[in-house]
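Numbering (our numbering), first residue to last: 25 to 489.
Below is one structure, written out as C-alpha cells, with a few remarks after it.
Right under this line is the structure:
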C-alpha cells in the first residue's frame, strides 16, 4: 500500500525543440538504471518518479510520460511510448535523398580547408533550414510570411509557423486532461506533472500543476498578491483547470516566441473597479524564455503541496532531483564563425542556471534549520512560550510585498530538503549548428536519442534514494 514518503524523485526536462529526443534517450536509460538499482536493494513499493517537470518540448515529453503512467497504472512501457513519439515526429530531409551530398562536403572539409563544414554538419544545417521553410508535418507548418506594414522594410519579414501539427501529435500520444493526486492507499501513487509557461502581458512565469491545491481545486495563481482594506483577496490572475492539465496548457508551454503564435487561455483577473475577478483571454509564450530549467518552481510547489494539502508542518519529503540539460553550459572551445557564435549564444541563453538556484534554496533551508535550533535553545534556557509564539505569529518584515502576506511561522513550517541533484548534460559534437532545434530528420533524432541513452549509462553517479 502507498504511504507518505521520506523522499521523492523528480525529473526536470528542459526545452529545446528537436533536442527533446535527447531527453527521450536519457529517460530510457534512467528508467533502466534506477529500476535495476531498486530491485537490487529490494525496494518494491517506490515509484520510479514522483514528479516530472518540464518546459517547452520538455513539457511535451513530461506530459506523455505522466499520461502513460496514469492511463496504464505502470511505469513499464513509458520509455517505449516516448521513443515512439519521437520516431513519429521525425521526417526525412530531402538532402538525405541526394547521392554524394555528405561525401562532397567531407572532401572539401578534409582536402580543401578544415574550416569548411563536414558532410554531417552540412546535412544538419541545410536540413534544419529546409524544415524551417517547408515545415515538419508532425511538428509545425509554415504560415504565409507577413510583410512589414509598419516600417515598409522589405527585409523585415515575419516567418511564422502553425503549432497545430505538434498539438495533434501530442494528443495522439497522451490522453487529456491530466489530473493526478497522491493517494496514500494506492499501490502506485500517481506522478505529478508540472509545466512552465509565460503570461506575455504580465511578464510572469506561470506553472501548471496536475496536483490539487489547498481548496481541492486545480489552478494556477500568479501576479501581485492583492489586499484591500487589510483583507486578503488573492493573486492578480487565476487559471482554473479543475479537470486537469489540457493539451492547450502544454502547447502554451511550448509556444516559441516569434516562431509560433501566442496561445490564448481563459484567465480570471482581479478588477479593481468592480472588486471582483473577471474572466478574460490572456496570451502565453514558451516557458523557456523565463525558466527553461524550473528547479525553484518545482521545490516551491512541492513544499506547498505537502504543507497545505497534506498538512506536514515539520519537514516535507526530501527531493532527489534529476535535471536534463540539452543546452551545454560549457564548451571546450569558442566559435569564430557566424553560425557557431549564434549557436553558442543560444546555448548560454537557455542553459541550466540552477546551480545558483540550488545554492539559494539550500541557504534558505539552512536558515530555517538555524531558526528552529535557536528557538529550541531559547526554550531550553527559559524563554516563555507566549513570547516566542507572539514573535512567530507576527507579520514578516516584508509582509505582503511582492508575495502573499505571511507570518514568521509560515517560514519555519514545511521545511524542504534537497538530496542528490543529478545533472545530465548534453554536449555539442563537432557537427553542431545554430538551428539544431529545427532538425527533425530521422538520422538526427536517432543520434540525439542514442547519445542521451549512452551518456546517461556512462555516468557513474546516477542514483536516486
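Glycine included, C-beta positions come from ideal geometry on N, C-alpha and C.
Keep in mind that this is a model prediction, so the values were computed, not measured.
Cut-off 8 Å between Cβ atoms - residues of its own chain near residue i, not counting five sequence neighbours on either side
{"i": "residue 55", "result": "72, 99, 102, 103"}
{"i": "residue 433", "result": "416, 417"}
{"i": "residue 161", "result": "115, 189"}
{"i": "residue 226", "result": "246, 247, 260, 261, 306"}
{"i": "residue 97", "result": "212"}
{"i": "residue 389", "result": "439, 440, 441, 442"}
{"i": "residue 393", "result": "439"}
{"i": "residue 361", "result": "139"}
Beta-carbon contacts of residue i that lie in its chain and below 6 Å, excluding the five residues immediately before and after
{"i": "residue 449", "result": "349"}
{"i": "residue 342", "result": "31, 441, 443"}
{"i": "residue 483", "result": "none"}
{"i": "residue 159", "result": "165, 166"}
{"i": "residue 332", "result": "238"}
CB-CB length for residue i against residue j, believed under 8 Å
{"i": "residue 77", "j": "residue 473", "result": "Not quite, the Cβ-Cβ distance comes to about 21 Å (not below 8 Å), so this is no contact."}
{"i": "residue 191", "j": "residue 275", "result": "5 Å"}
{"i": "residue 242", "j": "residue 74", "result": "That pair is no contact at about 17 Å."}
{"i": "residue 184", "j": "residue 167", "result": "5 Å"}
{"i": "residue 244", "j": "residue 231", "result": "6 Å"}
{"i": "residue 475", "j": "residue 46", "result": "6 Å"}
{"i": "residue 308", "j": "residue 365", "result": "About 30 Å separates the two Cβ atoms, so there is no contact after all."}
Straight-line gap, residue i to residue j (C-alpha atoms, nearest Å)
{"i": "residue 238", "j": "residue 337", "result": "14 Å"}
{"i": "residue 110", "j": "residue 65", "result": "33 Å"}
{"i": "residue 477", "j": "residue 423", "result": "47 Å"}
{"i": "residue 396", "j": "residue 436", "result": "7 Å"}
{"i": "residue 457", "j": "residue 302", "result": "46 Å"}
{"i": "residue 318", "j": "residue 372", "result": "16 Å"}
{"i": "residue 444", "j": "residue 344", "result": "5 Å"}
{"i": "residue 84", "j": "residue 170", "result": "28 Å"}
{"i": "residue 439", "j": "residue 323", "result": "11 Å"}
{"i": "residue 40", "j": "residue 80", "result": "7 Å"}
{"i": "residue 139", "j": "residue 367", "result": "16 Å"}
{"i": "residue 25", "j": "residue 126", "result": "Caution is warranted here: a pLDDT of 33 is assigned to residue 25, below 50, making its placement in the model unreliable, and no coordinate value can be reported."}
{"i": "residue 120", "j": "residue 50", "result": "26 Å"}
{"i": "residue 58", "j": "residue 325", "result": "24 Å"}
{"i": "residue 402", "j": "residue 411", "result": "10 Å"}
{"i": "residue 252", "j": "residue 328", "result": "24 Å"}
{"i": "residue 304", "j": "residue 354", "result": "43 Å"}
{"i": "residue 406", "j": "residue 413", "result": "14 Å"}
{"i": "residue 452", "j": "residue 69", "result": "38 Å"}
{"i": "residue 198", "j": "residue 82", "result": "14 Å"}
{"i": "residue 374", "j": "residue 316", "result": "6 Å"}
{"i": "residue 240", "j": "residue 347", "result": "29 Å"}
{"i": "residue 356", "j": "residue 106", "result": "32 Å"}
{"i": "residue 220", "j": "residue 314", "result": "9 Å"}
{"i": "residue 195", "j": "residue 409", "result": "56 Å"}
{"i": "residue 63", "j": "residue 137", "result": "53 Å"}
{"i": "residue 36", "j": "residue 222", "result": "18 Å"}
{"i": "residue 384", "j": "residue 182", "result": "40 Å"}
{"i": "residue 175", "j": "residue 157", "result": "24 Å"}
{"i": "residue 340", "j": "residue 330", "result": "6 Å"}
{"i": "residue 178", "j": "residue 285", "result": "22 Å"}
{"i": "residue 387", "j": "residue 379", "result": "12 Å"}
{"i": "residue 123", "j": "residue 86", "result": "38 Å"}
Beta-carbon gap between residue i and residue j smaller than 8 Å
{"i": "residue 287", "j": "residue 279", "result": "yes"}
{"i": "residue 311", "j": "residue 277", "result": "yes"}
{"i": "residue 186", "j": "residue 155", "result": "no"}
{"i": "residue 490", "j": "residue 291", "result": "A question about residue 490 goes unanswered here, because the residues of the chain that appear run from 25 up to 489."}
{"i": "residue 29", "j": "residue 351", "result": "no"}
{"i": "residue 112", "j": "residue 193", "result": "yes"}
{"i": "residue 420", "j": "residue 381", "result": "no"}
{"i": "residue 129", "j": "residue 142", "result": "yes"}
{"i": "residue 271", "j": "residue 200", "result": "yes"}
{"i": "residue 282", "j": "residue 234", "result": "no"}
{"i": "residue 463", "j": "residue 148", "result": "yes"}
{"i": "residue 249", "j": "residue 427", "result": "yes"}
{"i": "residue 455", "j": "residue 144", "result": "yes"}
{"i": "residue 503", "j": "residue 153", "result": "This structure does not reach residue 503, given that the chain is present from 25 up to 489, and the question cannot be answered."}
{"i": "residue 481", "j": "residue 53", "result": "yes"}
{"i": "residue 376", "j": "residue 447", "result": "yes"}
Close-in-space but distant-in-sequence residues of the same chain around residue i (CB under 7 Å, 5 per side omitted)
{"i": "residue 180", "result": "172"}
{"i": "residue 256", "result": "429"}
{"i": "residue 94", "result": "202, 204, 214"}
{"i": "residue 466", "result": "114, 116"}
Next item on the list: Output the residue ranges of the alpha helix (DSSP H) runs that lie fully inside the region 104–181 and measure 4 residues or longer, sorted by chain position.
Entry: 125–131, 143–158
Notebook entry, point to check: In chain order, which beta strand (DSSP E) runs of at least 3 residues are fully inside the region 324–399?
Noted result: 342–349
Item checked: beta strand (DSSP E) runs wholly inside the region 222–300, at least 3 long, in chain order -> 228–233, 243–252, 255–264, 287–295
Check: Could you give the uninterrupted runs of the alpha helix (DSSP H) lying entirely in the region 456–484, keeping only those of 4 residues or more?
Finding: 466–482
Note to self: Quick check for students: name the residue ranges of the beta strand (DSSP E) that lie wholly in the region 47–83, counting only runs of 3 or more.
What the structure shows: 75–79
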